[in-house]
Structures are given as C-alpha cells and as structure tokens.
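The structure appears below as structure tokens.
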Amino acid sequence: MHDLHPRTGHITGLLLPLADRHLILPNVAVAELIDYQSSAFDMDTPPWFLGWVSWRERQIPLLSFESACGQKTVIGERARIVVLNALGGRPELRFIALLVQGIPRSYKLDTQLSYVDVPLCGLEQAAVQVGEHVAKVPDLLALEELVVASGLAKS
13 MHDLHPRTGH
23 ITGLLLPLAD
33 RHLILPNVAV
43 AELIDYQSSA
53 FDMDTPPWFL
63 GWVSWRERQI
73 PLLSFESACG
83 QKTVIGERAR
93 IVVLNALGGR
103 PELRFIALLV
113 QGIPRSYKLD
123 TQLSYVDVPL
133 CGLEQAAVQV
143 GEHVAKVPDL
153 LALEELVVAS
163 GLAKS
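Read left to right, the sequence shown gives residues 13 to 167 (the numbering used here).
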C-alpha cells in the first residue's frame with residue numbers, strides 16, 4: 013500500500029469480498045471489476061487456477077485466492093472478477109484476475125492501520141480492521157510468483 017498522499021495520511025483501499033474472508037488492496041492495484049465468466053481449464057492445472065478470462069483482448073489467468081490458501085473455491089450467485097495490475101514488472105504477466113463474491117467497496121484508510129492478530133495463510137501479509145471487517149492484506153507478488161512458477165503466465 014504505497015500510494016500514500018503525504019498531506020492527508022490516507023489511502024483509498026478496496027475491500028474485496030471473498031467466500032471466507034475479505035481482502036484489502038490499494039485502489040491502484042485494481043484495473044477493473046468485470047462480470048463473472050466461466051472459463052475453460054484442464055484438470056492438469058492447480059486447483060486455484062480457474063481458467064482464462066478474456067479482458068481487453070487479452071487472456072488473463074483467473075485465480076481463486078481461497079483455493080491458493082488451501083480452502084475450497086466457491087462460485088456464488090454474486091460472483092464477479094477483479095482484474096489486478098501485476099506489480100512484479102514481468103512482461104509475461106501484466107494482469108491477473110481474482111474471483112470475488114460481490115462488489116468491492118471503497119474505504120478511506122488511515123496510514124496507521126489497526127492490525128489484528130489472526131491466523132494468516134502464506135499468501136497473506138497481515139490482517140487489519142476495515143470498518144466492521146477484518147481484512148487480509150494479500151501478498152500480490154507471491155500470488156504472481158505462484159502463477160509464473162506454474163507456467164500460467166502468457167506474454
């Protein structure tokens with residue numbers, strides 16, 4: 013969350029509703045929210061890979077964050093897809109898509125986040141209090157590394 017405004021001490025974050033948790037991301041990490049589209053995938057891929065989605069004439073890997081953390085993938089009736097800007101600077105991976113359950117909500121976050129002591133999975137860096145929710149801060153670079161290491165990045 014590096015897009016701090018020096019005078020206000022606030023950042024705008026997006027709270028992403030997942031099946032079993034909420035993620036909080038800086039606004040700049042999110043390229044677009046799109047409708048859920050089911051996609052083709054084959055059985056040789058990891059369980060967290062839900063296939064390819066079409067976005068702006070690109071094929072982007074669609075991931076289940078819950079499944080990458082060892083939980084079940086849920087595709088609810090309010091399922092949407094959030095397209096994220098890849099932060100790792102790899103030419104073969106410019107965007108990744110994440111399955112979410114509903115519409116993300118925007119929050120003004122104080123730069124002094126209140127951390128919450130709860131168990132984290134390997135792809136989560138911290139948990140913070142956002143409004144009435146405990147939200148996990150995802151390790152987006154680790155998520156991108158997972159995609160690249162699995163051979164799912166396309167240039």
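Cβ atoms here follow ideal geometry from the backbone N, Cα and C, with glycine treated the same way.
No experiment lies behind these values; they were computed from the predicted model shown.
Going by the CB atoms, is the gap between residue j and residue i shorter than 8 Å?
i    : j    : result
L45  : I36  : no
A138 : V149 : yes
V159 : I108 : yes
A80  : L135 : yes
G114 : R90  : yes
A43  : L99  : no
R92  : Y119 : no
L155 : G25  : no
Would you list the one or two residues that DSSP bridges to residue i?
i    : result
P103 : In DSSP, P103 forms no bridge with anything.
Q49  : The partner list for Q49 (beta bridge, DSSP) is empty, contrary to what the question assumes.
S115 : Position check: residue 115 holds Ile in this sequence, whereas Ser was assumed. I115 is not bridged to any residue.
S66  : Q71
G134 : DSSP output for G134 lists no bridge partner at all.
Would you decide whether residue i is buried or exposed? Buried here means 16 or more other CB atoms lie within 10 Å of its CB.
i    : result
Q141 : exposed
H22  : exposed
R70  : exposed
V172 : The first residue shown for the chain is 13 and the last is 167, placing residue 172 beyond what the model contains.
A33  : First, the residue type needs correcting, since residue 33 is Arg and not Ala in the sequence shown. Under this definition R33 is a buried residue.
P59  : exposed
G101 : exposed
P116 : buried
Closest by CA to residue i, which one among the options?
i    : options                  : result
F61  : A41, E104, K120 and V86  : V86
V146 : N97, P103 and L132       : L132
L30  : V130, L75, S162 and S126 : L75
P73  : R106, D129 and V128      : R106
N39  : E156, V94, G163 and R102 : V94
P111 : S126, F77, D151 and Q124 : Strictly speaking, residue 111 in this sequence is Leu, with Pro absent from that position. It is F77.
S162 : T57, P116, R102 and G82  : T57
W67  : D151, R117, S50 and M55  : S50
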